[in-house]
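Q: So the sequence shown is numbered by the numbering used here: it starts at -18 and just counts up by one.
Just so it is clear, CB atoms sit at the ideal spot from N, CA and C, and this is done for glycine as well.
Fair warning: this is a prediction, and the values are worked out from it, not measured in the lab.
Sending over a structure as structure tokens; questions will come in a sec.
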Amino acid sequence: PMAALDSVAEQMEYYMETHRQDKLDLLVKRVDKTVKHLSTLLDNLLNWAMLQQGVIPYHPKPIRLAEVADHILEVFSANAHAKEIGLESLIPADLEVYADPSALHAILRNLVSNAIKFTPAQGTVSLNAEVEADNVFIIVNDTGTGISAEKLERLFSLNRQSQQGTAGEKGAGLGLLLVKEFVEMNQGRLQVNSQPDRGSQFIFTLPKAA
């Protein structure tokens, strides 16, 4: 993403001097998109590096799942609106999980971002949760492009190549790997159900708060 920011100041100055407002508007949008991408990438890189060194903080506590879900959907509301994608949460308001707050935010942030990335216009990304005994199953559904069986086998590998989203979005491929490690750190499991052109369903478990 740093390459996309190269010479931006010079380009802005030139468009201002030549009164090219249309070009300036496009450049501003490109910079905004690039900075958000860079921020996500750096956040994932830092978290993953800390995980590998075993120094990432882990402080689990009871968390209201719906509050976290609503916050994550609000963060991505502008992205979804730009692609004409509907966002919804069907998580019960009083449902609590026992997890590290930062890890839970990172898990949902990456899964929702990924769902929006691979969902075309007029699609939907939804969050839901089901309780079974002492576990909470958190479900992220999308009506996106889906994943082939071959790609599913390499989904959580650093050796795979990141795919472009339906609007040309790029990624580094670290997000899902980070999700898997954070879920396991919180005593949970992660599974994926997907078929090409039929959307994807990411399900992860967390302990239910006592």
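Is it right to say Leu158 is buried, meaning 16 or more other beta carbons lie within 10 angstroms of its own, or is it exposed?
A: Answer is buried; the Cβ neighbour count reaches 16.
Q: Based on Cα-Cα distance, which residue from Ser175, Asp123, Phe185, Ile66 lies nearest to Lys161?
A: Closest by alpha carbon: Phe185.
Q: Along the beta strand (DSSP E) that carries Asp123, what are the first and last residues, could you check?
A: Its beta strand (DSSP E) spans residues 116 to 123.
Q: Are Ser94 and Phe57 closer than 8 Å when you measure CB to CB?
A: Yes, the pair counts as a contact, with Cβ atoms nearer than the cut-off.
Q: Which class does Gln33 belong to by DSSP, given the choice of helix, strand or coil?
A: If DSSP states are grouped into helix, strand and coil, Gln33 belongs with the helices.
Q: Apply the 10 Å Cβ neighbour rule to Leu23 and answer buried if 16 or more other Cβ atoms are within range, or exposed otherwise.
A: The residue is exposed, with fewer than 16 neighbouring Cβ atoms inside 10 Å.
Q: Roughly how far, in whole angstroms, is the beta-carbon of Asp123 from the beta-carbon of Ala96, given that I think they are within contact range, below 8 Å?
A: About 4 Å; that satisfies the 8 Å criterion.
Q: How far does the alpha helix (DSSP H) with Ile97 in it extend, from its first residue to its last?
A: From DSSP, the alpha helix (DSSP H) with Ile97 extends over 82 to 98.
Q: State the CB to CB distance for the pair Thr105 and Gly67, rounded to an integer number of angstroms; the pair is presumed to be in contact (CB under 8 Å).
A: That belief holds up - the Cβ atoms of Thr105 and Gly67 are roughly 4 Å apart, short of 8 Å.
Q: Return helix, strand or coil for Ala153, following the three-state DSSP convention.
A: Unreliable positioning characterises Ala153 in this predicted model, as indicated by a pLDDT of 47, which lies under 50. The coordinate reading is nonetheless provided below. Coil at Ala153, not helix or strand.
Q: Thinking just about the alpha-carbon of each residue, which of Ser129, Glu165, Ile53, Glu77 is nearest to the one in Leu32?
A: Of the listed residues, the one whose Cα sits closest to Leu32 is Glu165.
Q: Please state if the CB of Ala80 and the CB of Leu187 are separated by a distance shorter than 8 Å.
A: Yes, they are a contact pair.
Q: Of all the beta strand (DSSP E) runs that stay within the bounds of the stretch 46 to 74, which reach a length of 3 or more residues?
A: Listed in chain order, they are 67 to 70.
Q: Skipping 5 residues on each side, what residues in its chain have a beta carbon closer than 7 Å to that of Ala84?
A: Cβ neighbours of Ala84 beyond the five flanking positions: Phe163, Met166, Asn167.
Q: Under 7 Å Cβ to Cβ from Asn28, same chain only, skipping five residues before and after it: list those, please.
A: Cβ within range, chain order: Ile37, Ala87, Leu159.
Q: Cα-Cα, which of Ala50, Ser20, Ala114, Ser181 is closest to Ala130?
A: The candidate whose alpha carbon is nearest that of Ala130 is Ser181.
Q: Bridge partners of Tyr79, per DSSP?
A: Paired residues: Pro43.
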